[in-house]
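Note sheet for the following structure.
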Amino acid sequence: MRRHPDNPLIRPQDLRPSAPGLRVRGVFNPGAARVGDEVVLLLRVAEDCEPRDGYARVPVVRMEDGKPRLEALEIPADHPDVRLKDTRGIVYQGRDYLSTMSHLRLARSRDGVHFRVEDRPFILPADASERFGVEDARIVHLEGRYWINYTAVSPDGWATALASTTDFRSVQRHGLIFTVQNKDVALF
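Under my numbering, the residue at position 34 of the sequence shown is numbered 36, and the numbers go up by one with no gaps.
Put into structure tokens, the structure is as follows:
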């Protein structure tokens, strides 16, 4: 095995942030599938908030018309209910927030080297079991569907969730399939 001379193939600066006020800090650990004549990657994209003097800013997901939307939560840094945990987050009014949040985003390529990354997330956190993000997709093609198991992260820990698609244009979620603190899953 040899490292491709163009590595890394996809870098954080190659991606657009998914919402105003956010910035892409990392892109890594993709799931991969061949779909027709394309190679499809489902990338873990980690975003944080652009800094603003005097404020603690963390990414959060809000539901709008039944759909998740990523945005920046901004709190005055001297607010009495803000406590900095460490570099990974804050506690605000007794609730934990992480400094980054991950979602899953599609990248497509005809040659497996030059990828076009979509501007919008394919899978955003959408419920309490995913409050801290979704990560580390794995993809398998079974019986005409692409099954995607991924890690759902919340204050309770991490668990494995399942989604599926036939076309990588829309996705159907199936919920958690393993309990918290368990993400050792492979479908075959």
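We treat Cβ as the ideally placed atom computed from N, Cα and C, and that holds for glycine.
Bear in mind that the values here come from a model prediction, so they are computed numbers and not experimental data.
A distance below 7 Å between beta-carbons, with the five flanking residues on each side excluded, links S101 to the following residues of its chain, in chain order: D50, V60, T89, R90, G91. In the assembly as shown, N9 is an exposed residue. Its beta-carbon has fewer than 16 other beta-carbons within 10 Å. With fewer than 16 neighbouring CB atoms inside 10 Å of its own CB, K87 falls in the exposed class.
In the three-state DSSP reduction, P70 falls in the strand class (E or B). The DSSP-derived three-state label of S131 is helix. Pairing I141 with G28, the inter-Cα distance amounts to about 21 Å. Across the set R110, V93, S131, the C-alpha of R110 shows the shortest separation from the C-alpha of V41. For D88, the enclosing beta strand (DSSP E) starts and ends at 84 to 88. For the options G146, T162, E145, the alpha carbon positioned closest to that of T153 is the one of T162.
For Q95, the CB contacts under 8 Å within the same chain, skipping 5 residues up- and downstream, are D83 in chain order. With contacts defined by Cβ atoms closer than 8 Å, H105 and P127 form a contacting pair.
Between the C-alpha atoms of A165 and R25 there is a straight-line separation of about 26 Å. Nearest neighbour of A35 by Cα position, chosen from W160, T167, F180, E120, turns out to be T167. When DSSP states are grouped into helix, strand and coil, D80 belongs to the coil group.
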